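Undergrad:
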Amino acid sequence: MILAAERQAQDRGSAVHGVTQFSDLTPTEFASTFLGTKLANEDVAAIRSGMTTLPDYPAHDLPLEFDWRERGAVTPVKNQGACGSCWTFSATGAVEGANFLKTGELVSLSEQQLVDCDHTCDPSAPRNCDYGCNGGLPLNAMRYVQKHGLDTESNYPYKGVDGKCASARHGPAAASVSSFNLVSTNETQIAAALLKHGPLSIGIDAAWMQTYVGGVACPWICNKAGLDHGVLIVGYGVNGTAPARPWHRRQDYWIVKNSWGPNWGVEGGYYHICKDRAACGLNTMVVAADA
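full-length UniProt numbering puts the first residue of the sequence shown at 1, with every later residue one more than the last.
(1) Quick one: what does DSSP say Y144 is sitting in, helix, strand or coil?
(2) On the three-state DSSP scale, how would you describe Q80?
(3) Just list the residues that DSSP pairs F30 with in beta bridges.
(4) What is the DSSP secondary structure of T53, reduced to helix, strand or coil?
(5) Where does G132 sit, in a helix, a strand or coil, going by DSSP?
(6) Taking C-alpha atoms, which residue in L109, L139, E105 lies nearest to T120?
(7) So for F89, helix, strand or coil by DSSP?
(8) Would you list the one or two residues that DSSP bridges to D252?
(9) Can you check DSSP and say which residues form a bridge with L25?
(10) Compare the C-alpha of N258 against each of C218, T284, G268 and name the closest.
(11) When you compare each of L150, A191, A82 to T92 by their alpha carbons, which one comes out closest?
(12) Between the C-alpha atoms of A174 and L106, what's the straight-line distance to the nearest angstrom?
(13) Hey, G18 and A4: beta-carbon distance below 8 Å or not?
(14) Which class does C222 belong to by DSSP, given the choice of helix, strand or coil?
(15) How far does the alpha helix (DSSP H) with D290 in it reach, from first residue to last?
(16) Where DSSP assigns a beta bridge to V16, which residues make up the other side?
(17) Does H229 pass the burial test, meaning 16 or more other C-beta atoms within 10 Å, or should it be called exposed?
(18) Helix, strand or coil for A4, going by three-state DSSP, please let me know.
(19) With distance defined between alpha-carbon atoms, name the residue in G261, A45, A291, G226 nearest to G203.
(20) Tell me, to the nearest whole angstrom, how far the beta carbon of W68 is from that of G198; I am working on the premise that it is less than 8 Å.
(21) I need the straight-line Cα distance from A15 to A166, nearest angstrom please.
(22) With a threshold of 16 other CB atoms inside 10 Å of the CB of L54, please say whether the residue is buried or exposed.
(23) Kindly give me the distance between the Cβ atoms of T33 and T211, rounded to whole angstroms, as I take these residues to be in contact under 8 Å.
(24) So, at 6 Å on beta carbons, what are the nonlocal neighbours of S108 in its own chain, with the 5 sequence-adjacent residues on each side left out?
(25) Name the two residues that bound the continuous alpha helix (DSSP H) containing H197.
(26) Reducing DSSP to helix, strand and coil, say where residue 325 ends up.
(27) Can you tell me whether W220 is buried or exposed, with buried defined as 16 or more other CB within 10 angstroms of its CB?
(28) Tell me which residues share the same chain as D122 and place their Cβ nearer than 7 Å to its Cβ, disregarding the 5 neighbours each side in the sequence.
(29) Can T52 and N181 be called in contact, C-beta distance under 8 Å?
(30) Would you tell me roughly how many angstroms separate the C-alpha atoms of E111 and D205, rounded to the nearest one?
(31) Could you give the distance in angstroms between the alpha-carbon of G144 and the alpha-carbon of A9?
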């Protein structure tokens, strides 16, 4: 509870920090088991310089709130278990949304296929490769999906351990991507891209998520080394007041789908984190996919 108390004192939002399923773990144990996107800041810069970024979209008439869950583009929250496969859930969530926008059908796709079969390395930061339960990058996963496609979760179910690739036995892919691009680090542009392309894959420093119980988190001390967790932005909202922090009259926040099961966080597995503050690097590695 000491860590939770420290985070509570330091959080500048309305978040509540307390007992979670990770309370018995040290921050190091937590990171080594449940966080699988290990991306140093210098690699973020290298990747961004080597990839196309989406052009800016008109953003003067964005709605105050938006949620892809209300439009049927988001599958139920999943659980990665004690496997550093968060990067696969971040990627499949974006592909599931892109596929929904193209076909009108929401199909749950296979994270286990990525765990077993995807060993892609980033061409601009080649030390960053996909290693199943030992971590990977959603951006690399997009490269795999564009080349090989993805099976359904029902055909290739999640096991939460590294296994032998079995994608060839399941026939044609259930979904693929025609393109994927980085999004601007400007959070207004991230919101505009969210509306146009569907749920967005992002990387984040997740240290504060270990103790998160509810409310809107506004971490102001984050890991300066880089990103360590892959998640999915599905929308954004507004919290009218922050009673614990009266100087915040209004809190805009991102609605972030996590992969630690429905009993973590709020709304059955979600994280609410401050919008327009570049909180914990969430704006630095945002990927939009198109089916």
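Don't be surprised by glycine CBs; every beta carbon is placed ideally from N, CA and C. On a predicted model such as this, the values are computed, not experimentally measured, just so you know.
TA: The answer reads as follows:
(1) Mapped onto the sequence shown, residue 144 falls at position 144. The DSSP-derived three-state label of Y144 is helix.
(2) Looking up residue 80 in the sequence shown gives position 80. In this structure, DSSP gives Q80 a state outside helix and strand, which the three-state scheme calls coil.
(3) The residue labelled residue 30 in the question sits at position 30 within the sequence shown. Under DSSP, F30 takes part in no beta bridge, so it has no partner.
(4) Taking the first residue of the sequence shown as position 1, residue 53 is located at position 53. In the structure shown, T53 sits in a strand (DSSP, three-state: E or B).
(5) Numbered from its first residue, the sequence shown carries residue 132 at position 132. Collapsing the DSSP output to three states places G132 in a helix.
(6) Residue 120 sits at position 120 when you count from the first residue of the sequence shown. Residue L139 holds the alpha-carbon nearest to the alpha-carbon of T120 among L109, L139, E105.
(7) In the sequence shown, counting from the first residue as 1, residue 89 sits at position 89. F89 falls in the helix class under three-state DSSP.
(8) Counting from 1 along the sequence shown, the entry for residue 252 is found at position 252. Answer is V238.
(9) In the sequence shown, counting from the first residue as 1, residue 25 sits at position 25. In DSSP, L25 forms no bridge with anything.
(10) Position 258 of the sequence shown, counting from 1, holds the residue named residue 258. Nearest neighbour of N258 by Cα position, chosen from C218, T284, G268, turns out to be G268.
(11) Counting from one through the sequence shown, the residue named residue 92 turns up at place 92. Residue L150 is the option with its Cα nearest to T92.
(12) Sequence index remark: in the sequence shown, residue 174 carries index 174 (1-based). Sequence index remark: in the sequence shown, residue 106 carries index 106 (1-based). It is roughly 11 Å from the alpha-carbon of A174 to the alpha-carbon of L106.
(13) On the sequence shown, residue 18 is found 18 positions in, with the first residue counted as 1. On the sequence shown, residue 4 is found 4 positions in, with the first residue counted as 1. Contact: yes.
(14) The residue labelled residue 222 in the question sits at position 222 within the sequence shown. Three-state result, C222: coil.
(15) Within the sequence shown, the letter at position 290 stands for residue 290. Counted as a single uninterrupted DSSP element, the stretch harbouring D290 is not any alpha helix (DSSP H) but the beta strand (DSSP E) occupying residues 286-290.
(16) To locate residue 16, count along the sequence shown from 1; it is residue 16. According to DSSP, V16 bridges with G214.
(17) Indexing the sequence shown from 1 puts residue 229 at position 229. With 16 or more other Cβ atoms within 10 Å, it is buried.
(18) The sequence position of residue 4 within the sequence shown is 4, counting from 1. Reduced to three states, the DSSP call for A4 is helix.
(19) What you label residue 203 is simply residue 203 of the sequence shown in a count that begins at 1. When only C-alpha atoms are compared, the closest one is G226.
(20) Numbered from its first residue, the sequence shown carries residue 68 at position 68. Numbered from its first residue, the sequence shown carries residue 198 at position 198. Indeed, because the Cβ distance is near 6 Å, the residues count as touching under 8 Å.
(21) For the purposes of this step, residue 15 is taken as residue 15 along the sequence shown, with counting starting at 1. For the purposes of this step, residue 166 is taken as residue 166 along the sequence shown, with counting starting at 1. When rounded, the distance between both Cα atoms is 42 Å.
(22) On the sequence shown, position 54 is the one that residue 54 refers to. With a 10 Å radius around the Cβ and a threshold of 16 neighbouring Cβ atoms, L54 comes out buried.
(23) Taking the sequence shown and counting its residues from 1, the one referred to as residue 33 is at position 33. Taking the sequence shown and counting its residues from 1, the one referred to as residue 211 is at position 211. The Cβ separation is near 16 Å, so there is no contact.
(24) As a first step, residue 108 must be located in the sequence shown, where it is residue number 108. For S108, where only same-chain residues beyond five positions count, the Cβ hits under 6 Å are T75, E153.
(25) Taking the first residue of the sequence shown as position 1, residue 197 is located at position 197. Element bounds for H197: 187-197.
(26) With the chain covering only 1 through 291, there is no way to say anything about residue 325.
(27) Your numbering for residue 220 matches position 220 in the sequence shown. Per the 10 Å Cβ criterion, exposed.
(28) Position 122 of the sequence shown, counted from the start, is the residue given in the question as residue 122. Its chain contains I47, N128, L137, L139, N140 as the residues whose beta carbon lies nearer than 7 Å to that of D122, once the 5 sequence neighbours on both sides are disregarded; these appear in chain order.
(29) Within the sequence shown, the letter at position 52 stands for residue 52. Within the sequence shown, the letter at position 181 stands for residue 181. Remark: C-beta atoms of T52 and N181 approach each other more closely than 8 Å.
(30) Position 111 of the sequence shown, counted from the first residue, corresponds to residue 111. Position 205 of the sequence shown, counted from the first residue, corresponds to residue 205. Approximately 21 Å between the Cα atoms of the pair.
(31) As a working note, residue 144 is residue 144 in the sequence shown. As a working note, residue 9 is residue 9 in the sequence shown. Before going on, a small fix: residue 144 reads as Tyr here, not Gly. C-alpha separation (whole angstroms): 42 Å.
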